[in-house]
Structure formats: structure tokens, C-alpha cells
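**Student:** The opening residue of the sequence shown carries number 521 in the working numbering; numbering runs sequentially from there. Backbone N, C-alpha and C fix where the C-beta goes; we use that ideal spot for every residue, glycine too.
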Amino acid sequence: MLALTVANFKMMVRNRQTTFWALFFPLILVVAFGLFDFTSPDVSRVAIAGDTQTPFSSQLAEQVQGIEILELEEPPPGVEEGRALIVEGDLDFLVVIPPGYGESLPAVSPGSGLSRQAPVKLISGGESEERVRLVEGIIRPMTDAAVLGETSAEQPETLLGERVETREAPYFDIVLMGLVGMGIMTHSIISIAVRISNYRNLSILKRMLVTPLAIWKFFAAEVTAQLLLAVIQAVVILAVGVAVFGARIDGNVLNLLPVVILGSLVFLNIGFIVSAWANSPAAASGLGNVISFPMMFFAGTFFSTSTLPWLLPYGAEALPLAPMITALREIGLHGATLWDVWPQLAWLAGWVAATAAAAVKVFRFS
Numbered sequence: 521m522l523a524l525t526v527a528n529f530k531m532m533v534r535n536r537q538t539t540f541w542a543l544f545f546p547l548i549l550v551v552a553f554g555l556f557d558f559t560s561p562d563v564s565r566v567a568i569a570g571d572t573q574t575p576f577s578s579q580l581a582e583q584v585q586g587i588e589i590l591e592l593e594e595p596p597p598g599v600e601e602g603r604a605l606i607v608e609g610d611l612d613f614l615v616v617i618p619p620g621y622g623e624s625l626p627a628v629s630p631g632s633g634l635s636r637q638a639p640v641k642l643i644s645g646g647e648s649e650e651r652v653r654l655v656e657g658i659i660r661p662m663t664d665a666a667v668l669g670e671t672s673a674e675q676p677e678t679l680l681g682e683r684v685e686t687r688e689a690p691y692f693d694i695v696l697m698g699l700v701g702m703g704i705m706t707h708s709i710i711s712i713a714v715r716i717s718n719y720r721n722l723s724i725l726k727r728m729l730v731t732p733l734a735i736w737k738f739f740a741a742e743v744t745a746q747l748l749l750a751v752i753q754a755v756v757i758l759a760v761g762v763a764v765f766g767a768r769i770d771g772n773v774l775n776l777l778p779v780v781i782l783g784s785l786v787f788l789n790i791g792f793i794v795s796a797w798a799n800s801p802a803a804a805s806g807l808g809n810v811i812s813f814p815m816m817f818f819a820g821t822f823f824s825t826s827t828l829p830w831l832l833p834y835g836a837e838a839l840p841l842a843p844m845i846t847a848l849r850e851i852g853l854h855g856a857t858l859w860d861v862w863p864q865l866a867w868l869a870g871w872v873a874a875t876a877a878a879a880v881k882v883f884r885f886s
């Protein structure tokens, strides 16, 4: 059986179509998402905290509301609440106004025109440096105008920037895990569907029934070779994302292995089902694409399923790719253990059992 597995693996590697769907297609998407910046939103969410009862805070809020790229969050949160919102990724910027900012205070020295004012803080999270500098450039003239009197060679610092660590992973890291699941799905479904359909058309499956080789060994070797290629596929995609584009994997990489194997088994079973319905390799490839491409978009590969309208988010979560991607992201990006993602693993195991039963029922040798 080992020799048969190795032979199947070699045939897959030598097949250009298999290599393309397994490696090059997902890597093209990795490069595309790595080269282009999809993280800068059109509008940044801003909240004002601290002393929000001064004329300056009212004026600042009014001016922020008039800027197209800024969205003022109401009502104003507390400082700690605002920090928590940034950490969770629910807020982009927090402007903290010190007590009495902009009100008349004793001057540093007679005639200097400079007031002893604690600076305003601009707290940000995972925003890009370009976006932070842009927002600073918008807020700073307002803070300067509130406290600076006569022009002086030495002006006080009226705005201080502060960064906090966020739990929200960068968009590229999120998409990278989605591309791992997507690559395994498309390859597993299309590759096995085309191969089995081709074997059936060439009467290879029918001839296998009269050979001394147990038919289960033939399929076990085929599945094992496909699982091995799926693991290699995941390793290559993650390696390119980390080494070339600086993606971070905070969890235990070995914990990703059971997710990859379970997900691959589900899609291999779907591939066997597709091969039973298709009358030719071309039809198997087309039908595999019909199944995999909608799942690619609706299961959250590139965006959260919560953004889908109406009841679609609930339907998307039922797709087999959705729990696979969720488990990959929880383990890889948030350091979750296998126990932490047991609902997703159980859902995948259920899909394995259901699709395996369906594949056995509909499979045909001729």
C-alpha cells in the first residue's frame, strides 16, 4: 500500500493541472493580497473621550463630523472603554482630551503666549502608519489653535500619539488562513473528481475489481496521497505568507494539521460524489468549480460571513469550508488549542461522515 501511495503522489505531482490547483493558484492570490493594501478603510471610526464638556471638545466633535474620512462614534465612551474598543477592533482612533483643555491657564512665562496644557492623546490600534499620520494631520491644527497664543519659536506639544496592541489580526493574515482552506478545497474536489472520472472512462476502475489488489487499498492509497499533498500545500502557502509578506502565526502550527486533514477529507468525499455524477473529466472539472467557487466566497475566505445580508450568514456557517477556515484562524491567529475549536472539529467530523456515506452510496465503477 505504501508503494501505491507513493506512486499516486508522484502522478499527482507530475500532473500540471494538479500542481496548478494545489499550489500556483492559491499562491497567486497570496501574492495579490500581499502586494496590495486592502487594510486602509475609506472611513476611520473616531471617538472623543476625557473632558468632553469643554467648548474645545464640542468644537472638535463638530469639525470631525464635517470630515468625510472620519466617522464620529456617539455617545462618547470612557477612556478605558475606548481603549477596549480599539483592542477589540471596534474603534480606530480615540482622542483623549485632558481636563480643561483649551481654557485659559497661567502662562509658562510672561509674554510667551504658551499655556501649561497637558497634550491631547490620539490613541490608535492596528491602523497603518499612513492613516495615523493623516488623522494626526487633521487633529493637530485643532489642538494647536486651542492653546497657542502668540507665535513663538518654541511651541508646546499639543498632540501625542499612542499605539495599543489589538486582538484583531491584520487583514492579510486573516485572508492567508482563508486561502489555505480555499486551496485545499478546490484542489481536493477538482483533483479527485477528475482523476476518478478519468479512471472510469478508461475502464480502470472496472478492471481493478478483477485484480488481486483489494479495492479498498487502492482508494486508501489515493486518499492518503491526496492528504499528503494537502499538508504540503498548506505548509507552502503559510511559508510564503510568513517569509515573503510578514504574516504572523501566533498559535501552534502542529494544531493546524488535524484541521487540514479533516477539511481535506470532507472535500475529497465531495470530489468522489462529483465524479459519480460527471460523465467525463471535463464535466467533473466544471461541476467541481460550480461547487467550490460559491463556497469560496460565501464561507468567509476573503471577508467575514457576518457582512452577508439577511439569512445568508447562517447558511454560510453550515458550509463545510466555514468551520475549517474558522478553526484555522482561531489556531493560527489567536493561539487557540484544539480543545478551543472542538465545535468546528466536530462539525467537520460530521461532514466527513455524511459525505463519506453519500460517496459510498452514489459511487459507481462504470
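In angstroms with no decimal places, state the Cα-to-Cα distance between Ser672 and Ile659.
**Tutor:** For the purposes of this step, residue 672 is taken as residue 152 along the sequence shown, with counting starting at 1. For the purposes of this step, residue 659 is taken as residue 139 along the sequence shown, with counting starting at 1. Since pLDDT at Ser672 reaches only 47, below the 50 mark, its modelled position is unreliable, and the value read off the structure follows with that caveat. Spanning the two alpha carbons is a distance of roughly 20 Å.
**Student:** Touching or not, the region 846–854 and the region 689–700, by the rule of three or more beta carbon pairs under 8 Å?
**Tutor:** yes
**Student:** Under three-state DSSP, which class holds Phe529?
**Tutor:** Here residue 529 corresponds to residue number 9 of the sequence shown, with the count starting at 1. Phe529 falls in the helix class under three-state DSSP.
**Student:** Given Ala638, which residues of its chain have a CB within under 6 Å of its CB, disregarding the five upstream and five downstream residues?
**Tutor:** Start at 1 with the first residue of the sequence shown, and residue 638 comes out as number 118. Taken in chain order, the residues that qualify are Pro618.
**Student:** Tell me which same chain residues have a C-beta within less than 7 Å of the C-beta of Gly922, skipping the five on either side of it?
**Tutor:** Limits of the chain in this structure are 521 at one end and 886 at the other, which puts residue 922 out of reach.
**Student:** Check the DSSP bridge columns for Ser805 and list the partner residues they point to.
**Tutor:** As a working mapping, residue 805 is identified with position 285 in the sequence shown. For Ser805, which the question treats as bridged, DSSP gives no partner whatsoever.
**Student:** Round the Cβ separation of Leu487 and Leu758 to the nearest angstrom and send it over; I've been treating them as touching at under 8 Å.
**Tutor:** Here the chain has residues from 521 to 886 only, and residue 487 is not among them.
**Student:** If I'm right that Lys726 touches Ser824 with Cβ under 8 Å, what's the distance once you round it to whole angstroms?
**Tutor:** As a position in the sequence shown, residue 726 is number 206, starting the count at 1. As a position in the sequence shown, residue 824 is number 304, starting the count at 1. Here Lys726 is actually not in contact with Ser824; their C-beta atoms are around 47 Å apart, not less than 8 Å.
**Student:** Do the region 868–877 and the region 783–800 make contact, defined as three or more Cβ pairs closer than 8 Å?
**Tutor:** yes
**Student:** Ignore the nearest five residues each way along the sequence and tell me which others in Asp693's own chain have a CB closer than 7 Å to its CB.
**Tutor:** Here residue 693 refers to the residue found at position 173 of the sequence shown. So the qualifying residues of the chain are Ala767, Arg768, Leu853.
**Student:** Checking 8 Å against the spacing of the C-beta atoms, do Ala836 and Leu865 come in under that value?
**Tutor:** In the sequence shown, counting from the first residue as 1, residue 836 sits at position 316. In the sequence shown, counting from the first residue as 1, residue 865 sits at position 345. Not in contact: Ala836 and Leu865 (Cβ atoms no closer than 8 Å).
**Student:** Spatial neighbours of Pro814 within its chain, please: CB distance less than 6 Å, with the 5 preceding and 5 following residues excluded, ordered by chain position.
**Tutor:** Residue mapping note: residue 814 aligns to position 294 of the sequence shown, counting from 1. Result list for Pro814: empty, nothing under 6 Å.
**Student:** Where in the region 639–664 do unbroken runs of the beta strand (DSSP E), each at least 3 residues long, occur, reported from the N-terminal end onward?
**Tutor:** 640–644
**Student:** Could you name the residues of the same chain whose beta carbon sits closer than 7 Å to that of Leu839, not counting the 5 residues immediately before and after it, in chain order?
**Tutor:** Here residue 839 is taken as the residue at index 319 of the sequence shown, counted from 1. Met815, Phe818, Ala819, listed in sequence order.
**Student:** Identify whether Leu788 lies in helix, strand or coil by the three-state DSSP scheme.
**Tutor:** As a position in the sequence shown, residue 788 is number 268, starting the count at 1. Looking at Leu788 - three-state DSSP - the assignment turns out to be helix.
**Student:** Quick one: give me the first and last residue of the beta strand (DSSP E) that Ser564 is part of.
**Tutor:** Numbered from 1 along the sequence shown, position 44 holds the residue referred to as residue 564. Run containing Ser564: 564–570, per the beta strand (DSSP E) assignment.
**Student:** Would Phe529 and Thr706 be called neighbours here (beta carbons separated by less than 8 Å)?
**Tutor:** The sequence position of residue 529 within the sequence shown is 9, counting from 1. The sequence position of residue 706 within the sequence shown is 186, counting from 1. No, the pair does not count as a contact, with Cβ atoms beyond the cut-off.
**Student:** Answer with buried or exposed for Gln585, where buried requires no fewer than 16 other C-beta atoms within 10 angstroms of its C-beta.
**Tutor:** As a first step, residue 585 is located in the sequence shown; it is residue number 65 there, counting from the start. Label assigned to Gln585: exposed.
**Student:** Hey, would you say Gly570 sits closer than 8 Å to Val616, going by beta carbons?
**Tutor:** Position 50 of the sequence shown, counted from the start, is the residue given in the question as residue 570. Position 96 of the sequence shown, counted from the start, is the residue given in the question as residue 616. Against a cut-off of 8 Å, the Cβ pair of Val616 and Gly570 comes out as a contact.
**Student:** So, is Arg899 buried or exposed, given that buried needs 16 or more other C-beta atoms within 10 angstroms?
**Tutor:** Lying before the first or after the last residue shown, residue 899 is absent from the chain, which here runs from 521 to 886.
**Student:** Per DSSP, which residues does Val615 bridge with? Please list them.
**Tutor:** Counting from 1 along the sequence shown, the entry for residue 615 is found at position 95. In DSSP, Val615 forms a bridge with Ile568, Leu642.
**Student:** Assign Ser644 to one of two classes, buried (16 or more other C-beta atoms within 10 Å of its C-beta) or exposed (fewer than that).
**Tutor:** Here residue 644 refers to the residue found at position 124 of the sequence shown. Buried is the call here.
**Student:** Have a look at Leu858 and Ile704 and give me their C-alpha separation to the nearest angstrom.
**Tutor:** Within the sequence shown, numbered from 1, the residue matching residue 858 stands at position 338. Within the sequence shown, numbered from 1, the residue matching residue 704 stands at position 184. Spanning the two alpha carbons is a distance of roughly 20 Å.
**Student:** Are the beta-carbon atoms belonging to Ser564 and Glu649 less than 8 Å from one another?
**Tutor:** Counting from 1 along the sequence shown, the entry for residue 564 is found at position 44. Counting from 1 along the sequence shown, the entry for residue 649 is found at position 129. Result no, Cβ atoms of Ser564 and Glu649 do not sit closer than 8 Å.
**Student:** Quick one: what's Arg683 bridged to in DSSP?
**Tutor:** To locate residue 683, count along the sequence shown from 1; it is residue 163. Per DSSP, Ser644.
**Student:** Are the CB atoms of Val714 and Ala804 nearer to each other than 8 Å?
**Tutor:** Taking the sequence shown and counting its residues from 1, the one referred to as residue 714 is at position 194. Taking the sequence shown and counting its residues from 1, the one referred to as residue 804 is at position 284. Cβ distance < 8 Å, so Val714 and Ala804 count as in contact.
**Student:** For the region 688–749, list the alpha helix (DSSP H) runs that are entirely contained and at least 4 residues long, ordered along the chain.
**Tutor:** 691–721, 724–728
**Student:** By alpha-carbon positions, which one of Ala666, Val762, Ile793, Tyr834 ends up nearest to Thr574?
**Tutor:** Here residue 574 refers to the residue found at position 54 when the sequence shown is read from its first residue. Ranking Ala666, Val762, Ile793, Tyr834 by Cα distance to Thr574 puts Ala666 first.
**Student:** At which residues does the alpha helix (DSSP H) containing Leu592 begin and terminate?
**Tutor:** Your numbering for residue 592 matches position 72 in the sequence shown. Here Leu592 belongs to no alpha helix (DSSP H); instead the beta strand (DSSP E) covers 590–592.
**Student:** With DSSP collapsed to three states, give me the class of Gly602.
**Tutor:** Working through the sequence shown from its first residue, we reach residue 602 at position 82. Helix, per DSSP.
**Student:** Report all residues from its chain with a CB closer than 7 Å to the CB of Asp945; omit the five preceding and five following residues, and keep chain order.
**Tutor:** Missing from the structure shown is residue 945; the chain here goes from 521 to 886 and no further.
**Student:** Locate the alpha helix (DSSP H) running through Leu875, then write down its first and last residues.
**Tutor:** Within the sequence shown, numbered from 1, the residue matching residue 875 stands at position 355. Here the sequence assigns Thr to residue 875, which means Leu is not the residue at that position. First-last of the alpha helix (DSSP H) with Thr875: 862–882.
**Student:** Which residue marks the beginning of the alpha helix (DSSP H) containing Gly766, and which one marks its end?
**Tutor:** What you label residue 766 is simply residue 246 of the sequence shown in a count that begins at 1. Gly766: not part of any alpha helix (DSSP H); DSSP gives it neither H nor E.
**Student:** Secondary structure at Ser629, three-state DSSP: helix, strand or coil?
**Tutor:** Looking up residue 629 in the sequence shown gives position 109. Bear in mind that a pLDDT of 49 at Ser629, under 50, signals an unreliable position, so the model cannot answer this.
**Student:** Assign Ala838 to one of three DSSP states: helix, strand, or coil.
**Tutor:** Translated into positions along the sequence shown, residue 838 becomes position 318. Coil.
**Student:** Considering Val773, what are the terminal residues of the alpha helix (DSSP H) in which it resides?
**Tutor:** Locating residue 773 in the sequence shown gives position 253, where the first residue counts as 1. Taken as a continuous stretch (DSSP letters only), Val773 belongs to no alpha helix (DSSP H), as it is neither H nor E.
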